[in-house]
Amino acid sequence: MENKRVMEVTIKQGLQISDLILVAVLLAAGAVLKLCVGSVINFFGMKPNFIIAMYCLAILLIRPKVVEAAVIGLLAGAVCQFLPGSPYINFISELLGAVTMAALVMMPMSLGKLNIKPLVSTFLATLVSGGSFTVCLFLFMGATPSSLVAYVPIVLCTAVINCIIVQILYIPLKAALKK
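Just so you know, my numbering puts 148 at position 148 of the sequence shown, and the rest follows in order with no gaps.
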């Protein structure tokens, strides 16, 4: 009698429980870091936004669909409501940042053998999040154009800091999670 080889294929349907736990842990860590360490790490008034960094890291690690990333962004916006800042605007900015991150994660990005996807995609997602936050301040909170100009270097520096944080954390976390 001949033995037949059978190959089973399972198609991933949505996020797994382990993915959801990872998102929850990273968003919680981002909130704690933003609340505690964010006030200590301060470069001329500019500091990392650990919540953005953590959802970017989560999206890099679990590679969700765009709709799932949108939910992650809304969850990040909800977490931001518990922290000092402008209420409700984070729902828009984090949604746009997370969707941008998910779209960028789908694109190949490398320099030779060096994977620069964490660096580039986090930088751009932070720019989208910070830029949309700034525009929302102008539209919904009545910010003056002169105060908006002050946000440009803050958003740029935050994007630089966030992309460095995510690039450093991505490789060991990816290895530890076997992703």
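Every residue gets a Cβ at the ideal spot worked out from N, C-alpha and C, and that includes glycine.
**Item:** Pair within 7 Å by beta-carbon distance, V128 and T100
**Value:** Cβ atoms of V128 and T100: closer than 7 Å.
**Item:** Other residues of its chain near Q167: CB distance less than 6 Å, five sequence neighbours each side excluded
**Value:** Within the same chain, and ignoring the five residues on either side of Q167 in sequence, the residues whose Cβ sits closer than 6 Å to its Cβ are P118 and L119.
**Prompt:** Should the region 94 to 113 be called in touch with the region 24 to 37, which here means at least 3 C-beta pairs below 8 Å?
**Reply:** With the rule of 3 Cβ pairs closer than 8 Å, the region 94 to 113 does not count as touching the region 24 to 37.
**Request:** Take Y194 as the anchor and find which of C36, Y88 and Y170 has the nearest alpha-carbon.
**Result:** Given that the chain is displayed from residue 1 to residue 179, the structure contains no residue 194 and the question cannot be resolved.
**Prompt:** Which of the three DSSP states, helix, strand or coil, is assigned to L83?
**Reply:** Residue state, collapsed to three classes: coil.
**Item:** Residue from L74, V79, P64 and L35 with nearest C-alpha to I17
**Value:** Relative to the Cα of I17, the nearest Cα in the group L74, V79, P64 and L35 belongs to P64.
**Prompt:** Skipping 5 residues on each side, what residues in its chain have a beta carbon closer than 8 Å to that of S110?
**Reply:** Answer for S110: I116 and K117, listed in chain order.
**Asked** Within this structure, are the beta carbons of I92 and V23 separated by less than 7 Å?
**Response** No; because the gap between Cβ atoms is not below 7 Å, this pair is not in contact.
**Prompt:** How close, in whole Å, do the beta carbons of L148 and L137 come, if the pair is a contact with beta carbons under 8 Å?
**Reply:** Confirmed, about 7 Å.
**Request:** Could you tell me the distance, in whole angstroms, from the CA atom of G77 to the CA atom of L95?
**Result:** In a straight line, the C-alpha of G77 is about 7 Å away from that of L95.
**Prompt:** Starting from Y88 and walking both ways along the alpha helix (DSSP H), at which residues does that stretch end?
**Reply:** Here Y88 belongs to no alpha helix (DSSP H), and DSSP marks it neither H nor E.
**Message:** Tell me the rounded alpha-carbon separation between F140 and L173.
**Reply:** The alpha-carbon atoms of F140 and L173 are separated by roughly 38 Å.
**Message:** What would DSSP say about N162, mapped onto helix, strand or coil?
**Reply:** If DSSP states are grouped into helix, strand and coil, N162 belongs with the helices.
**Request:** Counting only the same chain and skipping the five closest in sequence on each side, list residues whose C-beta sits under 7 Å from that of L15.
**Result:** For L15, the CB contacts under 7 Å within the same chain, skipping 5 residues up- and downstream, are I62, P64 and E68 in chain order.
**Extent of the continuous alpha helix (DSSP H) run through K34** = Counting along the chain, K34 sits inside the alpha helix (DSSP H) bounded by residues I17 to C36.
**Asked** How big is the Cα-Cα spacing for S132 and S146?
**Response** Whole-angstrom Cα-Cα distance: 17 Å.
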